[in-house]
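Asks: Residue numbers (the numbering used here), protein chains in the order written: chain U, 6 to 112; chain F, 6 to 112.
Please read through the structure below; I'll follow up with questions.
Number of protein chains: 2
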Amino acid sequence: MSMDAVFKALADATRRRLLDSLRARNGQTLGELCACGEMTRQAVTKHLAILEAANLVAAQKRGREKLHYLNPVPIHDIAARWIKRYERSRLAALADLKTRLERDADD
Amino acid sequence: MSMDAVFKALADATRRRLLDSLRARNGQTLGELCACGEMTRQAVTKHLAILEAANLVAAQKRGREKLHYLNPVPIHDIAARWIKRYERSRLAALADLKTRLERDADD
DNA sequence: TTGACAGGCAACTAAAAGGTTGCATATTGG
DNA sequence: CCAATATGCAACCTTTTAGTTGCCTGTCAA
């Protein structure tokens, strides 16, 4: 699963809100996820398709309804494989910024 | 600082590569960051502007050069304020997925 | 069986994103 | 001073993205 698809999926505030909605209540139908009424159903469908492609949401049909389930694994993967690298360099980078700002103050 | 700007800045693979480059060696000039040669200088300038707007990079002019410094704080903030929420719900969501998949197998 | 309900598909539009070219500006070293 | 170097600015182009409208398909319940 490409990390790029996950980053791109998370880039949109609407999609992050959809994930938040599923986190609050998992297994919602498309209609329920549209209930906020800020968009057409088709727009939400497209956002959900992007989230599914990034493996952040898994969907299942039940009769005429489609249930959506949050999959937090890709988010965890990004935290573990990408963000962690910046944790390590955090103190060093902050020290760099600090000395730079102090040198600025001297000018 | 808006979290949305950070997410959007991280959505592009080129910008993530720029951050990685600064993580490897902090304080690089624009010219050095262009050295990979996969893009024009102007394209890199635009990406850096987006990273600066998201507060992921701080820049300082030194003579005719512009030095760029990584600021990992917004990345840390996203990990702490957004991703952590999905850590908490991780086991519950995985359990949901598991039972759903098992029910699928029964059909 | 026949509406009403839930969702899928496709074409279209508008705006934003990514990138380029060309030219201007400022700094440095000889 | 002057030429080379390092960067900035603006117009332009192309592709992608976000969203819409209109219509079609499948399912449930009276």
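No residue lacks a Cβ here, since even glycine has one placed at the ideal position from N, Cα and C.
Predicted, not measured: the structure shown is a model, and the values here were computed from it.
1) Does DSSP put Thr45/F in a helix, in a strand, or in coil?
2) Can a CB atom of chain F be found closer than 8 Å to the CB of Asp9/U?
3) So is Asn31/U in contact with chain F if we call contact Cβ pairs under 8 Å?
4) Can you name the residues of chain F whose CB is closer than 7 Å to the CB of Ile88/U?
5) Please look up how many angstroms separate the CB atoms of Arg95/U and His81/F, rounded, as I've assumed it's under 8 Å.
6) Can the beta-carbon of Ala59/F be found closer than 8 Å to that of His73/F?
7) Less than 6 Å between C-beta atoms, sequence neighbours within five positions excluded: which residues of the same chain meet that for Arg30/F?
8) What are the residues in the region 14-43 of chain F lying within 7 Å of chain U by C-beta distance?
9) Within the continuous alpha helix (DSSP H) that includes Arg22/U, where are the two ends?
10) So, at 8 Å on beta carbons, what are the nonlocal neighbours of Gly32/U in its own chain, with the 5 sequence-adjacent residues on each side left out?
11) So is Glu92/U in contact with chain F if we call contact Cβ pairs under 8 Å?
12) Helix, strand or coil: how does DSSP classify Leu75/U here?
13) Kindly indicate which three-state DSSP category Ala40/U falls into: helix, strand or coil?
14) Just mark Cys39/F as buried or exposed, buried being the case when its beta carbon has 16 or more other beta carbons within 10 Å.
15) Could you give the first and the last residue of the continuous alpha helix (DSSP H) run that contains Arg90/F?
16) Which stretch, first to last residue, makes up the alpha helix (DSSP H) that contains Ala64/F?
17) Compare the Cα-Cα distances from Arg67/U to each of Leu56/U, Arg22/U and Leu35/U and report the closest residue.
Replies: Let me spell this out:
1) The residue given as residue 45/F occupies position 40 in the second sequence. Looking at Thr45/F - three-state DSSP - the assignment turns out to be coil, as it is neither helix nor strand.
2) The residue given as residue 9/U occupies position 4 in the first sequence. Proximity of Asp9/U to chain F, defined by a Cβ-Cβ separation below 8 Å, is satisfied.
3) Within the first sequence, numbered from 1, the residue matching residue 31/U stands at position 26. Interface with chain F (8 Å Cβ-Cβ cutoff): Asn31/U is included.
4) To locate residue 88/U, count along the first sequence from 1; it is residue 83. Residues of chain F passing the Cβ test: Ile80 and Ala84.
5) Here the question's residue 95/U lines up with position 90 in the first sequence. Here the question's residue 81/F lines up with position 76 in the second sequence. Going by Cβ atoms, the distance from Arg95/U to His81/F rounds to 6 Å, so yes, they are a contact pair.
6) Position 54 of the second sequence holds residue 59/F. Position 68 of the second sequence holds residue 73/F. In terms of Cβ geometry, Ala59/F and His73/F do not form a close pair [threshold 8 Å].
7) Counting from 1 along the second sequence, the entry for residue 30/F is found at position 25. Annotation for Arg30/F: no residue places its beta carbon closer than 6 Å to its own, counting only its chain and skipping 5 residues before and after.
8) So the list reads Leu15, Ala16, Ala18, Arg28, Asn31 and Gly32, given in the order they occur along the chain.
9) Counting from one through the first sequence, the residue named residue 22/U turns up at place 17. Segment Ala18 to Ala29, the alpha helix (DSSP H) holding Arg22/U.
10) One-based indexing of the first sequence puts residue 32/U at position 27. These residues qualify, in order along the chain: Leu72, His73 and Tyr74.
11) The residue you call residue 92/U lines up with position 87 of the first sequence. Interface residue, yes.
12) Locating residue 75/U in the first sequence gives position 70, where the first residue counts as 1. When secondary structure is reduced to three states using DSSP, Leu75/U falls in the strand class.
13) Numbered from its first residue, the first sequence carries residue 40/U at position 35. Reduced to three states, the DSSP call for Ala40/U is coil.
14) As a working note, residue 39/F is residue 34 in the second sequence. With 16 or more Cβ atoms within 10 Å of its Cβ, Cys39/F is classed as buried.
15) Translated into positions along the second sequence, residue 90/F becomes position 85. Lys89 to Arg93 is the extent of the alpha helix (DSSP H) around Arg90/F.
16) The residue you call residue 64/F lines up with position 59 of the second sequence. No alpha helix (DSSP H) contains Ala64/F, which is instead part of the beta strand (DSSP E) from Val62 to Arg67.
17) Stepping through the first sequence from its first residue, residue 67/U is reached at position 62. Nearest option by C-alpha distance: Leu35/U.
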